[in-house]
Amino acid sequence: MQARQDKTTSSFTSKKCPYCENHMAVDDRFCFSCNRRVGKLNKATGMAKHPVAWISYIICFLSWSFLVFYLWWAFFR
Ligand SMILES: [Zn+2]
């Protein structure tokens, strides 16, 4: 009974939300219980991975850029 399974879903037919532990389909990208974005299935644990927080990285990078610019503007001009 291994009918509809490709290599990304080898042994799991559902994954667990890392935030609320709700079960969902393996290729769901949002948890329908807590409405948060979830990543791909972690095959070791059966949990969904945390999605990559690109916006956080960008905000962090911009904050540091601004700080460096400010230091240059304030002290080194
Ligand atoms: Zn959830």
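Under numbering that gives the first Met the number 0, the first residue of the sequence shown carries the number 0, and numbering increases by one thereafter.
Backbone N, C-alpha and C fix where the C-beta goes; we use that ideal spot for every residue, glycine too.
Fair warning: this is a prediction, and the values are worked out from it, not measured in the lab.
Would you decide whether residue 33 is buried or exposed? Buried here means 16 or more other CB atoms lie within 10 Å of its CB. Classified as exposed, residue 33 has fewer than 16 neighbouring CB atoms from the shown chains inside 10 Å of its CB.
Which residue comes first and which comes last in the beta strand (DSSP E) that contains residue 13? Segment 13–15, the beta strand (DSSP E) holding residue 13.
Can we count residue 28 as close to ligand 1, meaning its CB is less than 8 Å from some heavy atom? Checking every heavy atom of ligand 1 against the Cβ of residue 28, none is found closer than 8 Å.
Say the cut is 8 Å; is the CB of residue 25 nearer than that to a heavy atom of ligand 1? Result no, Cβ not under 8 Å from ligand 1.
Would you tell me roughly how many angstroms separate the C-alpha atoms of residue 73 and residue 61, rounded to the nearest one? Between residue 73 and residue 61, the C-alpha separation is close to 18 Å.
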